[in-house]
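Trainee: Pasting in a structure now, in structure tokens, and then I'll have a few things to ask.
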Amino acid sequence: MHLNRRKLLTSMAALGAASAFATTVRADENNDSIWDVLARNQRVKDANPERNMAAALQIIDTPEPILSFDTANNIQSAIAYYQQVVQAGGWKAPSRQTFNLSLGKDNGSAVADLKRHLMLTGDMSQADRVNASFDDATDLAVRKFQVRHGVIPTGKVDEPTFYALAVPAEERLSQLQINLQRVQQVAGALTDRYVVVNIPAASIEAVDQGMVAQRHTAVVGRIDRPTPILDSRIMQVNFNPYWHVPKSLIEKDLITYMNDDPDYLTKFKIHIYDGKGNEVQPTDIDWKTDDAVNYSFRQEPGAENSMGHCKINFPNKFDVYLHDTPSKSLFAENARFHSSGCVRVEGVDELVDWLLGPNGGWDQGAVEAVFNSNERLDVNLKQQTPLHTTYVTAWANRSGIVSFRDDVYEFDKQGLVDTKTA
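Structure, rendered in structure tokens:
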């Protein structure tokens, strides 16, 4: 039976697997001789996790865009290799003892099997013989595997790393094949300058003359409120915007919040207006009913504003946009699927600077000055920039590094090549 993330989490919760794995590791360590302990301590001392972290991040830092003919060619090369791996029998699924392995935590055959797996995936140099030592080279290889799978590169076989190791080679090959078609489908229609949001990677690329000028971490729509897949053009930047709460969020969230905390609107500086534009008070609304959907809700600019210091507008029927956020901690998570469809942008000031560059008179300092002033300002782009939200779960770069992401919206599972939202 193939292990997917949902099955993994369910089984781990039912069995208390995390603690069981940890107990297994400790038991093995307690049976080690003094010489084993000394050797392990020396390996940890000789390791350089900071260097390994930097080296791992560097392997994915190449300038070609994810949507390009270069990427399509790179995926074809990756497909040829993964076909060989599959024909040779693929790789073994990780054992329970693989969970929580990290530098200096040797666990017999589990480490040796991990090394063989990492050799097949290209994260570790090939060798005829492998030992059971989780050494500096293994730490580097695990971090490389992690960055290729969108996992924070800790060097430890944590839950998301264990899950990624459990995906069979056949499934990885299938991912590459369907994503090759997706990239080929759109690559020929791209312009010299555009922005792409790749939803499964929760990432953004600003592309100029066929090269990535900027990359940004993003937060995108959760499974029940997905970010739509579309093509549009960025036309305007709203500095320090008001946030007009969409009707869908009034129904799904705001009524619940107010029943839980009657001071919620006041705390977050959200004002209520009737159909004639007159402000009303929260006490004027019956929160035990759906009465609230008959009113408009507007959040004032400021630190609490859900869009942070700016909103990046593009025409679309889904009422979504790119924006800043006060919830910066979400950018540090492995799985960044938290929004109600809009896209939150880390380092949004840099992206705004890039978008407004053709306008003249803008640089990052000017952008930050407007942010800090809390001034309401709308700026139309003199050169509207194409925007593409897309769904690519597997790709490869010019260095032969192959990246994978979870099929969060299950488009791969459905065999969808054209994933554009209707």
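Be aware that the sequence shown starts at 10, since it is given in the working numbering, and climbs by one per residue.
Just so you know, even glycine gets a beta-carbon here, dropped at the ideal spot from N, CA and C.
Per DSSP, what kind of secondary structure is R125 in: helix, strand or coil?
Mentor: helix
Trainee: Please report the residue range of the alpha helix (DSSP H) in which T292 lies.
Mentor: First-last for T292: undefined, no H or E at that position.
Trainee: Within the chosen definition, does the segment 388-405 reach the segment 360-369 through at least 3 CB pairs nearer than 8 Å?
Mentor: yes
Trainee: Could you check what DSSP says for Q69 in three-state terms: helix, strand or coil?
Mentor: As written in the sequence, residue 69 is Ile, which differs from the Gln given in the question. Three-state DSSP puts I69 in coil, outside helix and strand.
Trainee: Taking the runs of the alpha helix (DSSP H) that are 4 residues or longer, which of them lie wholly in the segment 324-407?
Mentor: 357-365, 373-382
Trainee: Classify F143 as helix, strand or coil using the three-state DSSP reduction.
Mentor: coil
Trainee: With S134 as the anchor, note down where its alpha helix (DSSP H) starts and where it stops.
Mentor: Neither: S134 is in no alpha helix (DSSP H) and is coded neither H nor E.
Trainee: My guess is that V94 and A178 are in contact by the Cβ rule of under 8 Å, so how many angstroms apart are they, rounded?
Mentor: 5 Å
Trainee: Give me the Cα-Cα distance between G350 and V329, rounded to the nearest whole angstrom.
Mentor: 6 Å
Trainee: Run the CB neighbour count on D421, radius 10 Å, all protein chains shown included, and call it buried at 16 or more, exposed below.
Mentor: buried
Trainee: Write down the C-beta distance between D405 and A87 rounded to the nearest angstrom, noting that I regard them as a contact closer than 8 Å.
Mentor: Per the sequence shown, residue 405 should be read as Ala rather than Asp. In this structure A405 touches A87 by the C-beta definition: roughly 4 Å separates them, less than 8 Å.
Trainee: Answer yes or no: do D148 and G164 have a C-beta to C-beta separation smaller than 8 Å?
Mentor: yes
Trainee: In the structure shown, what three-state DSSP assignment does S412 receive?
Mentor: strand
Trainee: Taking the Cβ atom as the reference point for each residue, do N390 and I243 lie within a distance shorter than 8 Å?
Mentor: Sequence check: residue 390 is Leu here, not Asn. Against a cut-off of 8 Å, the Cβ pair of I243 and L390 comes out as a contact.
Trainee: Give a yes or no on contact between the segment 323-337 and the segment 188-203, applying the rule of three or more CB pairs nearer than 8 Å.
Mentor: no
Trainee: Comparing C-alpha positions only, which one of E288, R307, A222, H225 sits nearest to P255?
Mentor: Closest in alpha carbon position to P255, among E288, R307, A222, H225, is R307.
Trainee: Determine the closest residue to D217 out of L76, N82, W371, with distance taken between C-alpha atoms.
Mentor: L76
Trainee: By DSSP, does E168 sit in helix, in strand, or in coil?
Mentor: helix
Trainee: With distance defined between alpha-carbon atoms, name the residue in V176, T80, D132 nearest to G99.
Mentor: V176
Trainee: Who are the Cβ neighbours of I208 in its own chain at under 8 Å, not counting the five residues just before and after it?
Mentor: Closer than 8 Å at the Cβ level, and outside the excluded window around I208, lie V229, G230, P235, T236, I238, T398, T399, Y400, V417, Y418.
Trainee: Since M267 is in the alpha helix (DSSP H), which residue starts that stretch and which ends it?
Mentor: For M267, the enclosing alpha helix (DSSP H) covers residues 264-269.
Trainee: Relative to the C-alpha of R152, which candidate in A344, D283, D167 has its C-alpha closest?
Mentor: D167
Trainee: Going by beta-carbon coordinates alone, are N249 and N383 separated by less than 8 Å?
Mentor: Going by C-beta atoms, N249 is nearer than 8 Å to N383.
Trainee: Taking the straight line between their C-alpha atoms, what separation do you get for D270 and S315?
Mentor: Spanning the two alpha carbons is a distance of roughly 18 Å.
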